[in-house]
Amino acid sequence: MTVHFDQPTTDGDAGPGSRTRPATPESARPPGATKRPFVRRLWHGRPEDPRWARPAFLALLLATAVLYLCDLSASGYANSFYSAAVQAGSESWKAFFFGSLDAANAITVDKPPAALWPMALSVRLFGLSSWAILVPEVLMGVGTVAVVYAAVRRRFSPAAGLMAGAVLALTPVAALMFRFNNPDAMLALLMAAACWFVIRALEDGRTKWLLWAGAVIGLAFLAKTLQAFLILPPLALVHGVCAPVPVRKRIGQLAAGLAAIVVSGGWWVAIVEFWPASSRPYIGGSQNNSFLELTFGYNGLGRLNGEETGSVGGGGGGGNGGGAWGETGWDRLFGSSIGGQISWLIPAALILLVAGLVATRKAARTSATRGAFLVWGGALLTTMLVFSYMQGIFHEYYTVALAPYIAPLIGMGAALLWEKRDKAWASLTLAAAMTATAAWGYVLLNRSSDYLPWLKWLVLVGGLTAALGLIFAGRLGRRAALGAAGLGLVTALAGPAAYTLTTVNEGHTGSIVTAGPAVAGGRGGPGGGGMPGGGGFPGGGQNQQGQGQNQQNGNGNIQGQRGNGFPGGGGFPGGGQNQQGQGQGQGRQNGGRTEGMGGMGGGVGGLLNGAGVGSEAKKLLETDADQYTWAAAAIGAQNAASYQLSTGDPVMAVGGFNGTDPSPTLAQFKQYVADGRIHYFIASGGMGGMGGGRGGSGDGTSSQITSWVEATFKKVTAGSATFYDLTQKASS
99 MTVHFDQPTT DGDAGPGSRT RPATPESARP PGATKRPFVR RLWHGRPEDP
149 RWARPAFLAL LLATAVLYLC DLSASGYANS FYSAAVQAGS ESWKAFFFGS
199 LDAANAITVD KPPAALWPMA LSVRLFGLSS WAILVPEVLM GVGTVAVVYA
249 AVRRRFSPAA GLMAGAVLAL TPVAALMFRF NNPDAMLALL MAAACWFVIR
299 ALEDGRTKWL LWAGAVIGLA FLAKTLQAFL ILPPLALVHG VCAPVPVRKR
349 IGQLAAGLAA IVVSGGWWVA IVEFWPASSR PYIGGSQNNS FLELTFGYNG
399 LGRLNGEETG SVGGGGGGGN GGGAWGETGW DRLFGSSIGG QISWLIPAAL
449 ILLVAGLVAT RKAARTSATR GAFLVWGGAL LTTMLVFSYM QGIFHEYYTV
499 ALAPYIAPLI GMGAALLWEK RDKAWASLTL AAAMTATAAW GYVLLNRSSD
549 YLPWLKWLVL VGGLTAALGL IFAGRLGRRA ALGAAGLGLV TALAGPAAYT
599 LTTVNEGHTG SIVTAGPAVA GGRGGPGGGG MPGGGGFPGG GQNQQGQGQN
649 QQNGNGNIQG QRGNGFPGGG GFPGGGQNQQ GQGQGQGRQN GGRTEGMGGM
699 GGGVGGLLNG AGVGSEAKKL LETDADQYTW AAAAIGAQNA ASYQLSTGDP
749 VMAVGGFNGT DPSPTLAQFK QYVADGRIHY FIASGGMGGM GGGRGGSGDG
799 TSSQITSWVE ATFKKVTAGS ATFYDLTQKA SS
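Printed below as a string of structure tokens:
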């Protein structure tokens with residue numbers, strides 16, 4: 099984690115003797131330098147930059163785009179839950195605005211719709227396909243790399259910015275989520291932009307940067323609600339203390355930024371809350387058809403204390419240090435399930451953060467260099483703290499939010515210490531960061547014993563050799579010092595790069611996805627799976643491309659090692675018939691986890707992954723579909739989404755994502771049927787036992803609707819799938 103500057107300059111605010119590169123405003127440009135036209139500047143960069151800087155930056159963006167686009171269609175519709183909402187939004191502007199799961203606007207996804215909007219617009223332009231859905235996510239990834247580069251380059255150097263951008267691009271969970279259609283890609287981009295704007299405000303004190311920061315945080319709220327606010331405390335504190343303007347103006351700027359958040363994120367909330375509930379879709383994930391309840395309950399405090407009414411498992415709290423979604427504690431992000439996703443460079447980032455603050459300890463209050471460390475470091479520590487101790491729903495891919503904070507700390511810290519490498523403390527700190535990276539990389543790689551067994555030794559031996567060289571970097575010749583730096587950079591990125599290449603070489607589908615290979619003891623490892631509680635889906639062994647389907651036994655539990663995968667240790671709830679879709683999976687089996695549309699079949703499997711839809715089932719639903727508002731209804735959003743994406747016709751998701759939302763009620767469903775608005779009901783197997791309504795009790799609305807349909811209407815089959823024709827009563 100080292101970097102070389104061709105043209106070190108003096109940054110007066112970083113303390114005596116500092117050579118860290120400052121921002122370069124118009125007045126500070128070299129004599130004779132003039133502002134280049136935009137097109138020329140796009141290729142050649144700023145006059146004060148080395149000639150290689152801009153081409154190298156563009157090459158980084160191009161390489162990131164190519165990497166993330168590689169075999170992109172292997173993921174199919176990725177998370178069919180969101181893809182169905184994208185398809186609906188591409189056909190109905192009302193569904194677009196609310197984030198409805200179907201074009202007939204029965205119920206929304208359990209998030210605000212901002213993350214769906216770019217994908218829905220893409221599908222409107224190019225038609226429904228895997229690429230149309232996922233390319234906007236790739237572009238967000240490239241944009242995040244660009245933002246991180248720009249933020250680091252301004253304060254330090256192009257080389258430091260390139261390092262930060264490369265670290266971000268090669269973070270395994272980033273490669274996963276910037277090729278996936280969950281809201282986390284947009285969240286990561288907007289959070290990085292918010293930090294950049296605050297750093298710009300620390301440089302010149304202009305209010306416009308706080309307004310921009312507030313605007314993007316408000317938009318991030320419309321992507322993933324309260325998670326967007328995790329970094330507000332450190333950003334506000336840093337600006338309130340370090341901004342180069344009087345106290346009164348600092349307070350006014352923070353108030354203006356808060357107002358920008360309210361306007362940017364609140365306009366949509368206000369419209370939804372004041373819109374008559376009878377003429378808009380039900381707010382998915384809530385129990386009272388309220389977005390505010392969803393925000394502060396299921397997607398808010400419930401994520402912290404585990405009391406998520408309506409979630410899988412019924413909203414039980416996590417308890418003392420552990421719960422349904424894994425053990426909590428300071429080491430959570432370094433555990434078997436999560437460590438390989440994000441933690442490769444966290445030890446180094448923390449070491450370099452401390453080093454950066456120590457190096458700037460004598461700087462003025464308004465030091466923008468120190469402010470940059472405080473902004474990125476504060477965002478990282480705050481998010482890590484929340485992720486480590488939150489007891490509610492937590493998935494490995496959430497950690498992509500940390501990637502835009504880790505990468506700048508690596509680039510900035512390495513740059514700062516490299517320029518001070520002639521001082522013993524700086525070279526020793528660089529060596530310590532390299533040692534920590536090498537040792538931790540070895541540990542992470544050792545968790546997958548069959549995965550490139552030689553790589554862990556390369557990382558360990560190469561990293562320790564580089565650390566030894568860095569100790570003497572200030573006394574070595576130029577070539578030797580650069581050799582140690584280059585070796586350190588290569589070995590530091592070797593592990594995450596390998597995981598990233600494995601990730602982009604595989605398709606990922608369903609609600610729970612992870613990057614990299616299967617890991618012993620992790621949810622994706624042998625006997626593990628996507629569900630909390632340590633249970634898993636069948637599979638095991640080496641990574642293998644999977645076209646087959648998992649078998650379900652008669653009582654609805656998926657067969658395989660440790661199939662008790664729901665919170666609390668129980669199996670899939672409910673009973674009922676054994677049902678499977680006919681479609682083949684697009685995903686792969688990675689160790690013990692199965693990812694794929696066909697990997698779960700119909701019925702209970704639709705809770706996590708989409709059901710396979712056979713040709714006969716598709717033909718049945720498409721027949722006379724234009725005569726009905728909904729071609730069919732299904733318990734749970736993943737089941738409904740699969741049939742909707744296959745047929746292109748609206749399918750009602752009874753009970754929302756988990757089948758636990760009290761929408762529609764039994765009375766409402768009966769009225770829809772009486773009015774001839776729904777043609778078929780898709781038999782749910784064990785899914786009907788999920789219940790619905792408050793807490794997901796077995797006598798909730800989903801279970802009531804299932805029981806009424808089964809007792810009232812004629813059962814029909816199409817291939818191996820079972821339906822109920824809601825236009826024909828069952829014979830006596």
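Heads up: the sequence shown begins at 99 in the numbering used here, then just goes up one per residue. Glycine residues also receive a C-beta, built at the ideal position from the N, C-alpha and C atoms.
Taking 8 Å as the cut-off, decide whether the C-beta atoms of residue i and residue j are in contact.
i: V602; j: Y180; result: no
i: W538; j: L507; result: no
i: A828; j: T815; result: no
i: K486; j: W428; result: The amino acid at residue 486 is misidentified as Lys; the sequence shows Ser. In this structure, W428 lies closer than 8 Å to S486 by Cβ.
i: S388; j: Y396; result: no
i: A466; j: R222; result: no
i: A595; j: D282; result: no
i: L591; j: L159; result: no
i: T481; j: L328; result: yes
i: W366; j: P210; result: yes
i: V246; j: P502; result: yes
i: L402; j: G490; result: yes
i: M261; j: A213; result: no
i: K813; j: T820; result: yes
i: M532; j: G586; result: yes
i: R206; j: P374; result: The sequence as given places Thr at residue 206; Arg does not occur at that position. No, these two residues do not count as a Cβ contact at 8 Å.
i: W141; j: R149; result: no
Considering just the uninterrupted stretch of the alpha helix (DSSP H) at residue i, what are its terminal residues?
i: F394; result: 389 to 394
i: H337; result: 330 to 340
i: Y597; result: 576 to 602
i: A267; result: 256 to 267
i: M510; result: 501 to 517
i: A218; result: 214 to 224
i: Y380; result: That residue, Y380, is in no alpha helix (DSSP H); it is neither H nor E in DSSP.
i: F196; result: 191 to 196
i: Y770; result: 764 to 772
i: I444; result: 444 to 457
What span of residues does the beta strand (DSSP E) with residue i cover, start to end?
i: F276; result: Per DSSP, F276 belongs to no beta strand (DSSP E) and is neither H nor E.
i: L543; result: Where L543 is concerned, there is no enclosing beta strand (DSSP E), although the alpha helix (DSSP H) it sits in stretches over 522 to 544.
i: T825; result: 819 to 827
i: W728; result: 728 to 733
i: F295; result: Unbroken run through F295 is the alpha helix (DSSP H), 282 to 302; no beta strand (DSSP E).
i: M750; result: 749 to 752
i: F813; result: Note on residue identity: the sequence assigns Lys, not Phe, to residue 813. Here the beta strand (DSSP E) through K813 covers 811 to 816.
i: I315; result: Not the beta strand (DSSP E): I315 falls in the alpha helix (DSSP H), residues 305 to 322.
For the putative contact between residue i and residue j, defined by C-beta atoms under 8 Å, what is the C-beta separation to the nearest angstrom?
i: G608; j: N203; result: Actually they are not in contact, since the Cβ atoms of G608 and N203 sit about 25 Å apart, beyond 8 Å.
i: V557; j: T600; result: V557 to T600, Cβ: 15 Å. No contact.
i: L455; j: F471; result: 6 Å
i: L562; j: A522; result: Their Cβ separation, rounded to whole angstroms, is 19 Å, which puts L562 and A522 out of contact at 8 Å.
i: G605; j: S173; result: 4 Å
i: P278; j: V611; result: Looking at the sequence itself, residue 278 is Phe, so the reference to Pro does not match. Their Cβ separation, rounded to whole angstroms, is 7 Å, which keeps F278 and V611 in contact under 8 Å.
i: G312; j: I369; result: Not confirmed; about 19 Å, so no contact.
i: D200; j: Q742; result: 6 Å
i: A273; j: L300; result: About 31 Å separates the two Cβ atoms, so there is no contact after all.
i: Y726; j: I776; result: 6 Å
i: P270; j: A613; result: 4 Å
i: A529; j: L568; result: 4 Å
i: A616; j: S546; result: 7 Å
On the three-pair Cβ rule with 8 Å, is the stretch 552 to 568 touching the stretch 439 to 459? no
Specify whether the stretch 278 to 297 and the stretch 316 to 325 touch according to this definition: at least 3 beta carbon pairs, one from each stretch, less than 8 Å apart. yes
Is it a yes or a no for the stretch 743 to 763 touching the stretch 720 to 735, going by three-plus beta-carbon pairs under 8 Å? yes
Does the stretch 760 to 774 come close enough to the stretch 240 to 256 to have 3 or more Cβ pairs within less than 8 Å? no
Across the stretch 330 to 338 and the stretch 217 to 232, are there enough close Cβ pairs to call them in contact, namely three or more that are closer than 8 Å? no
Does the structure place the stretch 212 to 222 close enough to the stretch 186 to 197 that three or more beta carbon pairs sit under 8 Å? yes
If we require 4 or more residues per run, which alpha helix (DSSP H) segments fall completely within the stretch 162 to 194? 178 to 189
4 or more residues per run - each alpha helix (DSSP H) lying fully within the stretch 346 to 373: none
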